[in-house]
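Visitor:
Number of protein chains: 2
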Amino acid sequence: MIDKDVHSHHISQQFNVELDDVKTHLLEMGGLVEQQVRKAISSLVDADSDKAEKVRSDDSDINDMEVAIDEECMRILARRQPAASDLRLVIAISKSVIDLERIGDEAGKIALQAIQLAESGESPRGYKEIRHIGNHVGFMVRDALDAFARLDIDMALAVAKEDKLVDEEYGSAVRSLITYMMEDPRSISQMLNVLWALRSLERVGDHARNIAEQVIYLVKGTNVRHFGITQMTAEVMTPEKRGQ
Amino acid sequence: MIDKDVHSHHISQQFNVELDDVKTHLLEMGGLVEQQVRKAISSLVDADSDKAEKVRSDDSDINDMEVAIDEECMRILARRQPAASDLRLVIAISKSVIDLERIGDEAGKIALQAIQLAESGESPRGYKEIRHIGNHVGFMVRDALDAFARLDIDMALAVAKEDKLVDEEYGSAVRSLITYMMEDPRSISQMLNVLWALRSLERVGDHARNIAEQVIYLVKGTNVRHFGITQMTAEVMTPEKRGQ
């Protein structure tokens with residue numbers, strides 16, 4: 151199912167263009183944010199301070215995009231007074247942009263841990279976990295954005311399911327790192343840098359899930375924020391209430 | 151400056167009632183969230199698992215309130231098609247409600263640390279810091295909500311300033327706890343429970359600041375999300391653009 155299906159009922163061609171534009175800007179911002187996460191992870195794993203500094207300084211571009219998209223949404227709300235699925239699209243964008251900006255913040259926090267680790271010497275453990283969970287949430291962000299681009303609720307549901315797996319992987323990584331910390335307390339400080347970075351990655355997964363939930367809201371008109379996976383699956387399976 | 155000043159231009163009395171209602175619901179939710187944070191802190195400090203379990207189970211009430219207020223906002227947007235300061239009010243509420251819900255989540259996470267600490271035995275350090283930073287962010291949440299209730303931008307600015315202090319207090323608490331952990335590695339696991347709880351408190355401060363920023367946006371029409379304190383102060387000092 152593609153965007154045009156939902157928005158084909160517009161009388162105003164200009165309004166269609168505005169909606170397409172703001173959605174395109176969201177996806178562009180998403181692409182940048184996804185890159186920031188990947189660069190932050192590689193800066194940590196490769197102990198590359200320069201790359202980490204770049205991630206931190208580029209965060210202001212993401213902040214600017216957030217403000218610009220938010221203004222676009224407000225302008226559409228004020229001038230076009232959208233209803234039904236158009237209103238949902240604008241609201242879903244204005245909420246997703248907050249999550250994207252927060253993912254950008256988490257990338258910045260991971261980069262900060264990377265800088266500290268590059269200074270203090272590497273951690274004896276945890277890089278495998280950073281790489282693994284980092285990859286996992288990186289794909290989640292990309293899939294959540296793809297789901298938004300195509301209004302693909304099955305893909306959105308898959309992202310929500312992945313978030314549960316990430317939470318489990320995170321819990322297990324933290325437990326094993328804590329065990330190791332107790333065995334080798336000299337490395338506590340570096341291990342904590344890794345733990346903070348892992349926690350940031352887990353948050354990235356949460357935000358990807360939030361965006362996926364907006365896709366389901368947009369298509370189905372149902373707020374699934376506090377649904378469990380079973381309830382969310384049932385919602386995705388029920389016939390759509392088009393143009394409501 | 152009170153709410154009526156901004157919203158006195160309505161023709162529809164019923165619309166005024168709807169706006170007042172949704173704002174009241176936000177503030178009620180805020181009151182509950184503030185309580186959850188305070189209870190979570192005292193459950194941790196007093197090693198009171200029952201209280202901590204109650205905080206966790208009561209989180210669903212907060213989630214329900216989030217969904218209900220969000221629906222109210224969407225209904226107003228769809229039916230009333232608000233403009234100018236009314237539109238800003240609805241958008242500010244629909245964003246603040248997300249922050250309140252996340253504060254509720256952080257209270258739940260603190261309660262989880264409380265439960266783990268009650269099981270594993272108390273941490274040798276960190277309670278003073280939890281109490282101190284917990285009090286600080288508790289007041290910030292209350293002040294952010296008061297600022298929203300009264301549309302008081304000076305108070306909102308004060309909350310943003312407090313957030314900077316909390317970040318400093320948090321950084322210093324983390325550093326001293328890490329030093330202690332290295333000296334006494336047997337208590338790593340409990341110290342980490344305290345560190346996670348402190349991190350949650352620091353997040354609560356961030357969310358209170360976000361709500362304060364919405365108050366400035368609401369009154370001044372300016373998005374101050376990525377302003378530093380100096381720039382934000384300048385914005386608050388400039389004359390208001392009423393009813394824009």
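Chains as they are written, first to last, in our numbering: chain S, 151 to 394; chain Z, 151 to 394. All residues carry an ideal CB built from backbone N, CA and C; glycine is no exception. Every value quoted in this text rests on a predicted model; they were computed, and no experiment measured them.
Is the CB of Z:V217 under 8 Å away from at least one CB in chain S?
Guide: Yes, because at least one Cβ of chain S sits closer than 8 Å to the Cβ of Z:V217.
Visitor: Applying the criterion that 16 or more other CB atoms from any shown protein chain within 10 Å of the CB defines a buried residue, is S:I265 buried or exposed?
Guide: By the 10 Å Cβ count, S:I265 comes out buried.
Visitor: At 8 Å on the CB atoms, spell out the chain C contacts of S:I241, in chain order.
Guide: Any reference to chain C falls outside this structure, whose protein chains are S and Z.
Visitor: Hey, does S:A233 have any beta-carbon neighbour from chain Z nearer than 8 Å?
Guide: So yes, S:A233 belongs to the interface.
Visitor: By the DSSP assignment, the alpha helix (DSSP H) with S:D255 in it spans what residues?
Guide: Here the alpha helix (DSSP H) through S:D255 covers A234 to S270.
Visitor: State the Cα-Cα distance for the pair Z:V369 and S:D208, rounded to the nearest angstrom.
Guide: Their Cα atoms are separated by approximately 30 Å.
Visitor: Since I believe S:D304 is in contact with S:V386 (beta carbons under 8 Å), could you give me their beta-carbon distance rounded to a whole number of angstroms?
Guide: Confirmed, about 7 Å.
Visitor: Quick one, which of Z:L227, Z:A308 and Z:T329 has its alpha-carbon nearest S:A233's?
Guide: Of Z:L227, Z:A308 and Z:T329, the residue nearest in Cα terms is Z:L227.
Visitor: Give the straight-line distance between the Cα atoms of S:E222 and Z:K201, rounded to the nearest whole angstrom.
Guide: Cα-Cα distance, rounded: 45 Å.
Visitor: Scan the region 190-218 of chain Z for residues whose Cβ lies nearer than 9 Å to a Cβ of chain S and list them as they occur along the chain.
Guide: Under the 9 Å Cβ criterion, the region 190-218 of chain Z contributes S210, N213, D214, E216 and V217.
Visitor: What's the C-alpha gap between Z:S270 and Z:Q340?
Guide: Z:S270 and Z:Q340: Cα-Cα distance of roughly 7 Å.
Visitor: Determine contact between the region 316-336 of chain Z and the region 243-255 of chain Z, defined as no fewer than three beta-carbon pairs at a distance below 8 Å.
Guide: The region 316-336 of chain Z is not in contact with the region 243-255 of chain Z.
Visitor: Please list the partners that Z:P335 has in chain S, where partner means a Cβ-to-Cβ separation under 8 Å.
Guide: Ordered by position in chain S, the residues that pass the 8 Å Cβ test against Z:P335 are M331, M332, P335 and I338.
Visitor: Answer with yes or no whether the minimum CB distance from S:N285 to chain Z is below 8 Å.
Guide: Closer than 8 Å: no.
Visitor: What three-state label does DSSP hand S:F377 in the structure shown?
Guide: Of the three classes helix, strand and coil, the one that applies to S:F377 here is coil, per DSSP.
Visitor: If you draw a straight line from the alpha carbon of Z:V217 to that of S:A323, how long is it in whole angstroms?
Guide: So the alpha carbons of these two residues sit roughly 33 Å apart.
Visitor: Can you tell me whether Z:Q164 is helix, strand or coil according to DSSP?
Guide: The answer is helix: DSSP assigns Z:Q164 an H, G or I state.
Visitor: Does DSSP put Z:Q231 in a helix, a strand or coil?
Guide: Correct three-state label for Z:Q231: coil.
Visitor: When the Cα atoms are used, what is the spatial distance from S:N100 to S:S246?
Guide: Past the edges of chain S, shown from 151 to 394, lies residue 100 of chain S, and the structure says nothing about it.
Visitor: Under the assumption that S:I191 contacts S:I260 (Cβ atoms under 8 Å), give the Cβ distance between them as a whole number of angstroms.
Guide: With 8 Å as the limit, S:I191 and S:I260 qualify as a contact, their Cβ atoms being about 7 Å apart.
Visitor: Spatial neighbours of Z:A306 within its chain, please: C-beta separation below 6 Å, excluding the five flanking residues on both sides.
Guide: Counting only Cβ-Cβ distances below 6 Å, and skipping sequence neighbours, we find A297, A362, V365 and I366.
Visitor: Answer with buried or exposed for S:R350, where buried requires no fewer than 16 other C-beta atoms within 10 angstroms of its C-beta.
Guide: Note that residue 350 of chain S is Ser in the sequence shown here, rather than Arg. With 16 or more other Cβ atoms within 10 Å, it is buried.
Visitor: On the criterion of 16 or more Cβ atoms from any shown chain inside 10 Å, does S:E178 qualify as buried, or is it exposed?
Guide: Answer is exposed; the Cβ neighbour count stays below 16.
Visitor: State the start and end residues of the unbroken alpha helix (DSSP H) segment that holds Z:A310.
Guide: Run containing Z:A310: I303 to E333, per the alpha helix (DSSP H) assignment.
Visitor: I'd like to know whether the C-beta atoms of S:L342 and S:L267 end up nearer to each other than 8 Å.
Guide: Taking 8 Å as the Cβ cut-off, S:L342 and S:L267 do not qualify as a contacting pair.
Visitor: Using only the heavy atoms of the ligand NAP, determine whether one of them is closer than 7 Å to the beta carbon of Z:V187.
Guide: As for the ligand NAP, it is missing from this structure, which has no ligand bound.
Visitor: Report the neighbours of S:N373 on chain Z: residues whose CB is nearer than 8 Å to its CB, in chain order.
Guide: Those within 8 Å of S:N373 in chain Z are V217, D220 and E221.
Visitor: If you compare alpha carbons, which of S:G355, S:Q186 and S:H282 is closest to S:L262?
Guide: Residue S:Q186 is the option with its Cα nearest to S:L262.
Visitor: Just checking my contact of S:E184 with S:G288 at CB under 8 Å: how many whole Å lie between their CB atoms?
Guide: Their Cβ separation, rounded to whole angstroms, is 7 Å, which keeps S:E184 and S:G288 in contact under 8 Å.
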